[in-house]
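Data block below; observations after.
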Amino acid sequence: MDDDATLPPHPPTTPTGEPVPAAARVATAAADPHVLASDTVANLRDVGGRPTADGGRVRRGLVLRSAELRSAAVADDPVVTRLGVRTVVDLRTAAERAAAPDVLPPGARGVHADVLQVTTQAPASDLGELLRRPQEASQFLAALDPAAQMRRTYVDLVVGESGRTGYATLLRRFLDPGAAPVLYHCTAGKDRTGWATTVLLLAVGADEAVAREEYLAVNPAVRAMYAPLLQGFADVGGDPELLVPLLEVREEYLDAAFGAVAELFGSFAAYLRDGLGLTDTEVAALRERLTA
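Per this note's numbering: the sequence shown = residues 1097 to 1388.
So, in structure tokens, the structure goes:
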């Protein structure tokens, strides 16, 4: 799946790479000022504008997040072009990248930062293929406890070596004067990307409530993105409710990550220092570059 080494990977946002119907994109954008309603990139958001605890705000146009960049039309999308992206950080596994390579915006440089390396014991089958066999899929999902798997995934993002290295790589991109605007993504832009955004917001001085709000704000876009998948599973006789824990973000998942931070590092500041290896000087520089 999208973010768990013990589950099959998620299918793409849509079979051909388009995000969701225009009506759904427009409705989501109207309700959330951080949404950028692209025709080619699903779940595209500007994290800028989120407040910091000292009265500042994250600068707009520098911190961008999304689902995968798999549509060939990304290179010609005027919404994406206007963003002026200079760096795209891909948080997916090598296998995901090979199956659906990034289509980079004009002038952008790609960086790979796999934050959840898949083990050799992970199932190789694709979730999309599995869901075409509803009885088998239902048995698999019912036995698996997807919500518990998701919680374990978020712990892995915090404690795993690839997560610690990958998220440090992402944050340090923002310290390169020529790298921003930076767009970072995984497959759906919700789990690996969601924790990345949480880490970044807390690092630049936002409080936890602000980080949680941004984390949960992707659910309307993600639900619209995967509505055809759920409907297709129902059409072949499957129970869509079994899939829901995999296809949305939940506070309990974020709580699992925060719990891992507290247990292993003691505090978020120690996670940045001892987990990601960021110096106090680097954290201060992040705040200076990304907030006003």
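Glycine included, every Cβ here is placed at the ideal spot set by N, Cα and C.
Buried versus exposed call for residue i [16 or more other C-beta atoms within 10 Å across all chains shown]
i, result
"Gly1301", "buried"
"Ser1363", "exposed"
"Arg1228", "exposed"
"Glu1384", "exposed"
"Ala1220", "Caution applies to Ala1220, whose pLDDT of 31 falls short of 50 and renders its modelled position unreliable; the value that the coordinates give is listed next. Per the 10 Å Cβ criterion, exposed."
"Thr1215", "Per-residue confidence for Thr1215 stands at a pLDDT of 46, beneath the threshold of 50, marking its modelled position as unreliable; the derived number appears in the next sentence. Under this definition Thr1215 is an exposed residue."
"Val1332", "exposed"
"Ala1284", "buried"
"Ala1380", "exposed"
"Arg1205", "exposed"
"Asp1252", "buried"
"Glu1359", "exposed"
Option nearest residue i by Cα separation, candidates the options
i, options, result
"Leu1297", "Val1314, Gly1285, Pro1277 and Leu1267", "Leu1267"
"Tyr1367", "Val1345, Tyr1311 and Thr1294", "Thr1294"
"Val1207", "Gly1373, Val1181 and Ala1195", "Val1181"
"Gly1290", "Glu1310, Leu1212, Gly1274 and Ser1234", "Glu1310"
"Gly1179", "Ala1381, Val1278, Leu1343 and Glu1337", "For the sequence presented, residue 1179 should be read as Leu rather than Gly. Considering only alpha carbons, the answer is Val1278."
"Val1184", "Pro1341, Cys1282, Ala1320 and Val1314", "Cys1282"
"Gly1334", "Arg1156, Arg1155, Ala1190 and Pro1230", "Pro1230"
"Asp1370", "Ala1194, Leu1140 and Arg1260", "Arg1260"
"Leu1386", "Glu1359, Pro1147 and Ala1195", "Pro1147"
"Leu1140", "Ala1381, Glu1337 and Ala1317", "Ala1317"
"Pro1336", "Pro1197, Gln1235 and Leu1312", "Gln1235"
C-beta contact flag for residue i and residue j at 8 Å
i, j, result
"Ala1276", "Phe1270", "yes"
"Ala1365", "Val1254", "no"
"Val1159", "Val1143", "yes"
"Leu1165", "Arg1288", "no"
"Ser1258", "Asp1186", "no"
"Arg1161", "Tyr1280", "yes"
"Pro1341", "Ala1243", "yes"
"Leu1382", "Ala1292", "no"
Rounded straight-line distance, which links the Cα of residue j to that of residue i
i, j, result
"Thr1112", "Asp1150", "The predicted position of Thr1112 is uncertain, since its pLDDT is 42 and thus under 50; no value can be drawn from it."
"Thr1145", "Thr1375", "Here the sequence assigns Gly to residue 1145, which means Thr is not the residue at that position. Roughly 25 Å between the two C-alpha positions."
"Tyr1250", "Leu1350", "7 Å"
"Leu1237", "Leu1372", "33 Å"
"Gly1152", "Phe1361", "27 Å"
"Glu1347", "Asp1272", "32 Å"
"Arg1155", "Ala1307", "15 Å"
"Thr1189", "Ala1195", "10 Å"
Could you tell me whether the region 1316–1327 touches the region 1198–1208, using the rule of 3 or more Cβ pairs below 8 Å? Taking 8 Å as the limit for Cβ pairs, the verdict is that the region 1198–1208 does not touch the region 1316–1327.
Under 8 Å, with one C-beta from each stretch per pair, do the region 1129–1138 and the region 1171–1183 reach the 3-pair mark? In short, these stretches touch, since the Cβ pair count reaches three.
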